[in-house]
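Residue numbers (full-length UniProt numbering): 1 to 154.
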């Protein structure tokens, strides 16, 4: 009787095959997508080297930067998130990645009163200075206007 192969073993085998494919053909985007997808289901300590490997080959792939930042956000690793954003934002002018940045800035500063609100405003200004002319930034402008309306009048 043949042994039964459970899903966890199959996933591990698939990851090994994908890792091997990525190592032998480092510019295989499909293999990178599969690796990044599997990294989303791992603890960040295991996923970080995978993201670093992928991003060393695809440094302007905003999708992977966003996944990497969100993985650290899930465990509230603020220092790592700041470092990730400092490495990618100016090279990846992709609105979803920048919106992830704004979510992070809002989360970190929401309970800091006036000082925190000023930091959030500066982050919006920073973001809109880089991606504000992008057609996809319309919702960001609306979010910014709503944020400004919520500030106390001085």
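Glycine is no exception: its CB is placed at the ideal position from the N, C-alpha and C atoms.
Among the options, the one whose alpha carbon lies nearest that of residue i
i, options, result
"residue 41", "27, 110, 74 and 29", "74"
"residue 143", "78, 152 and 123", "123"
Unbroken alpha helix (DSSP H) run spanning residue i, endpoints
i, result
"residue 127", "113–131"
"residue 134", "Note, residue 134: premise wrong, no alpha helix (DSSP H); not H, not E."
"residue 48", "44–57"
"residue 153", "Where residue 153 is concerned, there is no enclosing alpha helix (DSSP H), given that its DSSP letter is neither H nor E."
"residue 90", "It is not in any alpha helix (DSSP H) - residue 90 carries neither H nor E in the DSSP assignment."
"residue 74", "62–74"
Rounded separation between residue i and residue j - CA only
i, j, result
"residue 71", "residue 45", "10 Å"
"residue 66", "residue 113", "27 Å"
"residue 106", "residue 34", "31 Å"
"residue 150", "residue 132", "21 Å"
"residue 47", "residue 76", "15 Å"
"residue 69", "residue 63", "10 Å"
"residue 111", "residue 146", "18 Å"
"residue 90", "residue 119", "18 Å"
Distance between beta carbons of residue j and residue i, contact taken as under 8 Å
i, j, result
"residue 32", "residue 58", "6 Å"
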